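In my numbering, the protein residues as written are 496 to 650.
If you want it as structure tokens, here you go:
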């Protein structure tokens with residue numbers, strides 16, 4: 496499988512790690528299930544990417560499953576899972592967790608020139624009339640003023 500570059504912007508670092516999964520759906524009506532997601536690994540074989548300190552944009556590489564394409568009627572869902580590490584000594588289910596999914600396109604033809612739209616043969620015709628605003632005959636309505644406070648309030 497091809498290696499892809501992934502960038503994640505972290506504005507609040509909760510320590511922990513990232514994992515990624517890919518689910519290929521063959522039809523437009525298909526829905527992703529937990530069983531559908533294949534774990535992605537980094538080129539070194541690791542599935543978890545440990546989050547360094549700091550709040551910034553982090554770059555990492557992951558390998559796609561061999562031979563996978565998501566084009567035509569199929570599409571793929573890339574899932575990002577961020578398991579925080581702010582609670583030392585707690586298992587993953589005792590930590591904050593974040594997920595995000597993205598519909599993605601994977602093709603053997605990426606990077607090539609895709610089909611170009613056919614240019615229109617019709618030439619635009621410039622308008623010869625300009626808008627001519629007319630003055631309004633309505634008079635402005637006075638605003639209602641708030642009455643001054645009374646020196647002798649009613650009991």
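Glycine included, every Cβ here is placed at the ideal spot set by N, Cα and C. Note that the structure is a prediction, hence the values are computed from the model and not measured.
Strand pairing of residue i, partner residues [DSSP]
{"i": "residue 554", "result": "502"}
{"i": "residue 577", "result": "513 and 593"}
Spatial distance of residue i from residue j (CA atoms)
{"i": "residue 517", "j": "residue 553", "result": "20 Å"}
{"i": "residue 515", "j": "residue 567", "result": "23 Å"}
{"i": "residue 521", "j": "residue 540", "result": "27 Å"}
{"i": "residue 545", "j": "residue 497", "result": "22 Å"}
{"i": "residue 594", "j": "residue 565", "result": "21 Å"}
{"i": "residue 513", "j": "residue 523", "result": "28 Å"}
{"i": "residue 609", "j": "residue 551", "result": "Because the pLDDT of residue 609 is 43, which lies under 50, any placement of that residue in the model is unreliable, and the number read from its coordinates should be weighed accordingly. Rounded to whole angstroms, residue 609 to residue 551 spans 34 Å at the Cα level."}
{"i": "residue 555", "j": "residue 500", "result": "6 Å"}
{"i": "residue 576", "j": "residue 503", "result": "11 Å"}
{"i": "residue 527", "j": "residue 534", "result": "14 Å"}
{"i": "residue 531", "j": "residue 519", "result": "7 Å"}
{"i": "residue 543", "j": "residue 525", "result": "28 Å"}
{"i": "residue 508", "j": "residue 561", "result": "33 Å"}
{"i": "residue 547", "j": "residue 583", "result": "16 Å"}
{"i": "residue 505", "j": "residue 578", "result": "13 Å"}
{"i": "residue 511", "j": "residue 536", "result": "17 Å"}
{"i": "residue 592", "j": "residue 580", "result": "9 Å"}
Helix, strand or coil at residue i according to DSSP, with G and I counted as helix
{"i": "residue 588", "result": "helix"}
{"i": "residue 516", "result": "strand"}
{"i": "residue 496", "result": "coil"}
Between the segment 570-577 and the segment 593-601, are three or more C-beta pairs nearer than 8 Å? yes
In chain order, which alpha helix (DSSP H) runs of at least 4 residues are fully inside the segment 518-574? none
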